[in-house]
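S.K.: Numbering-wise, the working numbering puts 856 at position 15 of the sequence shown, and it's gapless, one number per residue. Shown below is the structure under consideration.
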Amino acid sequence: MCLSDAFEVSGGERKPLMNYVSGIAVDGEKVVLTDMLGAKKIVTGTLKSVDLTKNVILIETA
Numbered sequence: 842m843c844l845s846d847a848f849e850v851s852g853g854e855r856k857p858l859m860n861y862v863s864g865i866a867v868d869g870e871k872v873v874l875t876d877m878l879g880a881k882k883i884v885t886g887t888l889k890s891v892d893l894t895k896n897v898i899l900i901e902t903a
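Rendered as structure tokens:
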């Protein structure tokens with residue numbers, strides 16, 4: 842099972858948002874992350890990149 846870690850990118854710095862992300866949905870300016878247990882986190886920002894090899898999700902916030 843390959844799950845990813847999501848990070849907030851702001852001002853060139855990365856801050857962890859959620860571990861074990863199994864789903865991503867984009868709704869306008871909101872990114873909805875879902876982990877393997879079904880917990881959801883809504884982040885206002887833009888999906889910048891998803892690296893499936895390194896299991897890293899980057900979300901750019903203001």
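C-beta atoms are modelled at their ideal positions from N, C-alpha and C, and glycine is treated no differently.
Which full runs of the beta strand (DSSP E) of 3+ residues lie inside the stretch 849-876, going along the chain?
M.R.: Qualifying beta strand (DSSP E) stretches, in chain order: 854-868, 871-876.
S.K.: Return the residue from the list SER851, GLY864, GLY853 that minimises the CA-CA distance to VAL891.
M.R.: Your numbering for residue 891 matches position 50 in the sequence shown. Looking at the Cα atoms, GLY864 is the closest of the given residues.
S.K.: Which partner residues of LEU899 appear in the DSSP bridge assignment?
M.R.: By 1-based counting over the sequence shown, the position of residue 899 is 58. The partner list for LEU899 (beta bridge, DSSP) reads PHE848, SER890.
S.K.: Determine the burial state of MET877: buried for a count of at least 16 other Cβ atoms within 10 Å of its Cβ, exposed for fewer.
M.R.: The count along the sequence shown starts at 1 and reaches residue 877 at position 36. Exposed.
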